[in-house]
Amino acid sequence: MKAGKIRVGVLTGGASAERDISLATGAQIAASLDSNRFEVVLLDPLAFMARNPEITAEQREQAQRLITGGGQLDPMHQLPRGLEKQIESASRALVPATRVMANVEPIDVVLIALHGTWGEDGRIQGLLDTIGVPYTGSGVLASALAMDKEVAKQVLAAAGLDVPRGVVVTGTTKSDLELATSVGLPAFVKPVASGSSVGASIVAQAADLPPAISLALKYDSRALVEEQITGGRELTVAVIGNDDLTALPVIEILTKRAFFDYSAKYDAGESEEVCPADIPPDAAKRAQDLAVRAHRALHCRGMSRLDLMWSKDRMVALEVNTIPGMTANSLLPKAARAAGIKFGDLLERFIDWALEDARRRAR
Ligand SMILES: Nc1ncnc2c1ncn2[C@@H]1O[C@H](COP(=O)(O)OP(=O)(O)OP(=O)(O)O)[C@@H](O)[C@H]1O
Ligand SMILES: [Mg+2]
17 MKAGKIRVGV LTGGASAERD ISLATGAQIA ASLDSNRFEV VLLDPLAFMA
67 RNPEITAEQR EQAQRLITGG GQLDPMHQLP RGLEKQIESA SRALVPATRV
117 MANVEPIDVV LIALHGTWGE DGRIQGLLDT IGVPYTGSGV LASALAMDKE
167 VAKQVLAAAG LDVPRGVVVT GTTKSDLELA TSVGLPAFVK PVASGSSVGA
217 SIVAQAADLP PAISLALKYD SRALVEEQIT GGRELTVAVI GNDDLTALPV
267 IEILTKRAFF DYSAKYDAGE SEEVCPADIP PDAAKRAQDL AVRAHRALHC
317 RGMSRLDLMW SKDRMVALEV NTIPGMTANS LLPKAARAAG IKFGDLLERF
367 IDWALEDARR RAR
């Protein structure tokens, strides 16, 4: 280890459906950190999971191979176009994260480049707290709260934000459907915890309600049935900072599709992101204030991104992401660039805030 450099473990890969995106993110992050200041190791937390019954047998086997150094892991899905090279280079460089626990691989700070289950929901944060390694972004509480859209909405509503009216169902029995129908049409149905719009759909007529609920319940044991916020514009606002928070320029999402679904998010040409959004300054200010309020209400640290629907005089909070997309072209890095913050500098700030928090907590 070279004296003086901060050793950053970029946590990438993992067991979520977003493993491949995470690997591409990890590769970009490793390439963007200042090599004069940082020494970077790509750490795969899948190594922790070799005996986890909640992942597939194939994933457990991959985890075992990672620990025993049994060669490169196979990609889980067809690789997203344009990112293949980055994903492959990250896969080759992966070190099992278990080495950090055994202290074979001493790490000063972890930069979490994971999304969704096991990465964004507080579980990996709890493990890192327990072993005493500082990490970027939100802690256990904010991560777990934001991931659970049912509870997050309650917290946001209590903080005075407007959230979609809605109910939670766990099946398609007569009483579930009665409850779901009480929301009215059109409705929007989605799993309580998911990402990338997986399992989400618009329900325009009553007959579509049961299949929409069944689809959402494939991804979670609870489904949210919400009023669909229609006729408005979709905005997203990122917040960065530790104690002093900065709301980045508002982004407007324009899509040709019925909503910002999986294809709109990942297929080229299906949507457009306008940053800064072409909206009146008072609307931008209102959206930014809401994003800061949401960040505080959920006790986020370092970064967050509030998704909003702006319809007539309502600005409705859909959800907060505690680990927003972090490839160089993702929404938050794009908004940071519009505010004059380069990708590498943004990452450096996240690391410095994590170290600052850790110093404050140390005894
Ligand atoms: N109540 C609603 N009314 C109208 N549209 C909605 C509603 N809820 C969600 N949407 C649409 O579905 C998309 C995905 O919803 P949401 O952001 O809650 O889920 P997600 O899958 O967690 O997204 P992400 O990829 O940002 O983590 C939104 O960007 C929006 O276009
Ligand atoms: Mg969203």
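Numbering (my numbering), first residue to last: 17 to 379.
Beta carbons: idealized from backbone N, C-alpha and C, even for Gly.
Being a predicted model, the structure only gives us computed values, none of them experimental.
query, result
"For Glu77, the three-state DSSP class (helix, strand or coil)", "helix"
"When Glu250, Ala216, Lys169, Asp224 are compared against Tyr235, the one with the closest alpha-carbon", "Ala216"
"Rounded straight-line distance, which links the Cα of Arg376 to that of Leu58", "26 Å"
"Three-state secondary structure (DSSP) of Arg312", "helix"
"For Leu59, the residue or residues it bridges with in DSSP", "Leu27, Val111"
"Nonlocal neighbours in the same chain, by C-beta distance under 6 Å from Ala196, ignoring five residues either side", "Val185, Leu225, Val241"
"DSSP beta-bridge partners of Asp178", "Val332"
"Cβ-heavy atom distance, Ser213 to ligand 1, below 6 Å", "yes"
"C-alpha distance - Met325 paired with Leu251, whole-angstrom precision", "6 Å"
"Inter-residue Cα distance where the pair is Ala280 and Ile218", "15 Å"
"Separation of Ala220 from Gly135, as counted between CA atoms", "34 Å"
"Whole-number beta carbon distance between Met331 and Ala351, since they are thought to touch under 8 Å", "Incorrect: roughly 17 Å between the Cβ atoms, too far for contact."
"Expected contact under 8 Å - CB spacing of Ser38 and Gly30 to nearest Å", "6 Å"
"When Ala118, Glu74, Ala239, Gly257 are compared against Leu348, the one with the closest alpha-carbon", "Gly257"
"Nearest to Thr114 (by Cα), restricted to the options Leu144, Val156, Ala63, Arg76", "Ala63"
"Span of the beta strand (DSSP E) around Phe204", "203 to 207"
"Helix, strand or coil at Tyr235 according to DSSP, with G and I counted as helix", "coil"
"Nearest to Asn345 (by Cα), restricted to the options Ala284, Asp294, His315", "Ala284"
"Own chain partners of Glu166 with C-beta closer than 7 Å, once the 5 adjacent residues on each side are dropped", "Val184, Val208, Arg238, Leu240"
"Rounded C-alpha distance that separates Ala46 from Lys328", "43 Å"
"Any non-hydrogen atom of ligand 2 closer than 6 Å to Glu335 Cβ", "yes"
"Gln75, buried or exposed, once every other Cβ within 10 Å from all chains shown has been counted against 16", "buried"
"Beta-carbon gap between Pro150 and Ala370 smaller than 7 Å", "yes"
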